[in-house]
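Chemist: Numbering (our numbering), first residue to last: 1 to 122. Virtual Cβ for every residue (Gly too), placed ideally from N, Cα, C. As the structure is a computational prediction, the values presented were derived from the model and not from experiment. After the structure tokens below, expect a handful of questions from me.
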């Protein structure tokens with residue numbers, strides 16, 4: 001069961017502007033071994049999928065296999081030259097209407113690290 005949508009700048013902008021939900025962005029590529037391992041042990045586990053569903057996290061995945069220019073720009077915005085890149089945007093504060101600054105996760109993930117990031121930065 002796929003629990004993510006394809007990344008596009010427009011989709012991300014819409015989610016950040018029009019919803020209060022947290023957003024998780026995963027930039028990956030078919031040739032990226034680290035990305036595949038992270039996906040298997042940290043992002044596609046039953047526990048992570050349940051957490052994303054419970055917290056109503058909007059999950060976007062960008063495929064940089066063919067060096068998509070839109071994804072390249074997103075990577076550059078975070079001073080990255082390649083994948084993986086994982087960015088978590090916390091939920092909008094209901095009182096102020098503001099979102100916290102995005103959190104860039106490490107390139108090597110564990111399920112616990114993903115859970116801690118989400119739980120400690122709702």
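What number of angstroms, rounded off, separates the C-alpha of residue 108 from the C-alpha of residue 34?
Modeler: Their Cα atoms are separated by approximately 7 Å.
Chemist: Note down, in chain order, each residue of its chain lying with its Cβ closer than 7 Å to the Cβ of residue 16, except the 5 sequence neighbours on either side.
Modeler: For residue 16, where only same-chain residues beyond five positions count, the Cβ hits under 7 Å are 23, 89 and 99.
Chemist: On the premise that residue 49 lies in contact with residue 3, defined as a C-beta separation below 8 Å, what is that separation, rounded to the nearest angstrom?
Modeler: Yes, they are in contact, since the Cβ atoms of residue 3 and residue 49 sit about 5 Å apart, within 8 Å.
Chemist: For residue 67, count neighbouring Cβ atoms within 10 angstroms of its own Cβ and tell me buried if that reaches 16, exposed if not.
Modeler: Counting Cβ neighbours within 10 Å, residue 67 comes out exposed, since fewer than 16 surround it.
Chemist: Compute the minimum distance between the beta carbon of residue 31 and the heavy atoms of the ligand ADP, and state whether it is under 7 Å.
Modeler: Absence of the ligand ADP is noted for the structure shown, with no ligands found whatsoever.
Chemist: Using alpha carbons as the reference points, say which of 43, 84, 63 and 12 lies closest to residue 116.
Modeler: It is 43.
Chemist: Less than 8 Å between the CB atoms is what I'm expecting for residue 86 and residue 105, so what's the real figure, rounded?
Modeler: Yes, they are in contact, since the Cβ atoms of residue 86 and residue 105 sit about 4 Å apart, within 8 Å.
Chemist: Classify residue 20 as helix, strand or coil using the three-state DSSP reduction.
Modeler: Three-state DSSP puts residue 20 in coil, outside helix and strand.
Chemist: Nearest CA to the CA of residue 94: which residue from 122, 45, 13 and 60?
Modeler: Closest by alpha carbon: 122.
Chemist: Is residue 13 closer than 8 Å to residue 60 when the C-beta atoms are compared?
Modeler: The answer is no: Cβ separation not under 8 Å.
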